[in-house]
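What the sequence shown shows, in the working numbering, is residues -15 to 263, in sequence order. Cβ atoms here follow ideal geometry from the backbone N, Cα and C, with glycine treated the same way. Down below is the structure, laid out as structure tokens.
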Amino acid sequence: ARPERLSVTEIETLIRDPYAIYAKRILGLEPLSELDEAPDARERGNIIHDALAGYVQAVDAGEPADLIAIGERLFEALDDFPEVCAFWWPRFRRIARWIVEHEREERANLRRAYAEARGEILIGDLARPVTLVGKADRIDLREDGTVDIVDYKTGMLPSARQVEIGLAPQLPLEAAIAARGGFREKSEGNAEIPPARTRRMIYMRLTGGETAGEMRAVSDPDGELAENIFASLVALLGQYEDEETPYLSRPRPMFWGRYADYDHLARVKEWSAAGEDSG
């Protein structure tokens, strides 16, 4: 019953709330959307990701790249929600201006950029091999042969400490995939991206608020961080091969304040309230 295929984002869930992986991947339960549900923050994030992917691909191909125009086309899908557009569109315009200015600086010493590259490697050091998959929002190939891996965020960024100790493993695991040549570019016949060491893992927060965008980079000059996080993942998956290893609900108290889709099935309110009373 153990999953044989996991994404880099699911690994963070496996660390923070294993029960959610059990409910989704083993029991096959998916949350249902509300009827006539208005677009939420996730939908806004998808639009921003799609717009930036189109912009990066156009710039790399030497084609005219107008991020505002790309955004206008994508926002047409929200014509039935004018109140949503009235709130999101001005924010997108501020994000676009910030990105274009940021791009001028980041393009120095850049050989090329890959948007929405898909990666996959097989973790064979297990009794039952597991395929690790991921999609990098952007991979920048530098002139020196190293890469920067970029993740666009519309919510909060992980702290450098959370990345270093493995509580936010997404980009380190993507760096491990990149080092093993596991990424392919989305266009040009799904060609492989050459294996490369990741120089920086970049988290880019895009809100369109008073501060339209900000960047936080975690350096890994020798690749040690990525390999340590990857080794920790292999060890963790090895633990879950033992049938006696339970998929616990929220084993780390520091994350109890966050609501998750499967908390009601895990009876989080009941057992957490009982724990407080007994303490």
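With 16 other Cβ atoms within 10 Å as the buried cut-off, status of residue i
i: residue 261; result: Unreliable positioning characterises residue 261 in this predicted model, as indicated by a pLDDT of 45, which lies under 50. A coordinate reading is not provided.
i: residue 193; result: exposed
i: residue 341; result: In the structure as shown, the chain begins at -15 and stops at 263. Residue 341 is therefore absent and cannot be evaluated.
i: residue 47; result: exposed
i: residue 169; result: buried
i: residue 121; result: buried
i: residue -15; result: exposed
Alpha-carbon to alpha-carbon, residue j and residue i
i: residue 134; j: residue 95; result: 15 Å
i: residue 217; j: residue 141; result: 21 Å
i: residue -4; j: residue 137; result: 15 Å
i: residue 255; j: residue 203; result: 40 Å
i: residue 26; j: residue 247; result: 19 Å
i: residue 65; j: residue 81; result: 24 Å
i: residue 52; j: residue 257; result: 49 Å
i: residue 197; j: residue 35; result: 15 Å
i: residue 70; j: residue 63; result: 10 Å
i: residue 150; j: residue 101; result: 23 Å
i: residue 249; j: residue 226; result: 24 Å
i: residue 61; j: residue 30; result: 12 Å
i: residue -6; j: residue 182; result: 21 Å
i: residue 215; j: residue 83; result: 35 Å
i: residue 17; j: residue 59; result: 21 Å
i: residue 118; j: residue 89; result: 27 Å
i: residue 162; j: residue 210; result: 10 Å
i: residue 164; j: residue 43; result: 27 Å
i: residue 253; j: residue 19; result: 26 Å
Span of the alpha helix (DSSP H) around residue i
i: residue 58; result: 51 to 59
i: residue 83; result: 66 to 90
i: residue 264; result: No answer is possible for residue 264: it lies beyond the span of the chain, which begins at -15 and ends at 263.
i: residue 26; result: 25 to 44
i: residue 118; result: That residue, residue 118, is in no alpha helix (DSSP H); its beta strand (DSSP E) goes 114 to 126.
i: residue 208; result: 208 to 224
Residue nearest to residue i in terms of C-alpha spacing, selected from the options
i: residue 153; options: 168, 61 and 220; result: 220
i: residue 113; options: 120, 105 and 119; result: 105
i: residue 125; options: -7, 68, 144 and 91; result: 91
i: residue -11; options: 40, 100 and 110; result: 110
i: residue 156; options: 127, 174, 169 and 201; result: 201
i: residue 3; options: -13, 164, 118 and 132; result: -13
i: residue 97; options: 39, 67 and 116; result: 39
i: residue 23; options: -2, 127 and 68; result: 68
i: residue 180; options: 132, 37 and 223; result: 132
i: residue 212; options: 28, 57, 147 and 129; result: 147
i: residue 174; options: 252, 107, 99 and 56; result: 99
i: residue 166; options: 143, 184 and 115; result: 115
i: residue 223; options: -2, -9 and -8; result: -2
i: residue 1; options: 251, 244 and 253; result: 244
Boundaries of the beta strand (DSSP E) in which residue i is found, first to last residue
i: residue 98; result: 94 to 107
i: residue 4; result: Note, residue 4: premise wrong, no beta strand (DSSP E); alpha helix (DSSP H) at 2 to 5.
Near the ligand COA: residue i beta-carbon under 7 Å from a heavy atom
i: residue 7; result: Ligands in the displayed structure: none, and consequently the ligand COA is not present.
Looking at C-beta atoms only, is the number of pairs between the segment 66 to 81 and the segment 177 to 188 that lie closer than 8 Å three or more? By the criterion of at least three beta-carbon pairs nearer than 8 Å, the segment 66 to 81 is not in contact with the segment 177 to 188.
On the three-pair Cβ rule with 8 Å, is the segment 224 to 238 touching the segment 0 to 9? Touching, yes, given that three or more Cβ pairs across the two stretches are closer than 8 Å.
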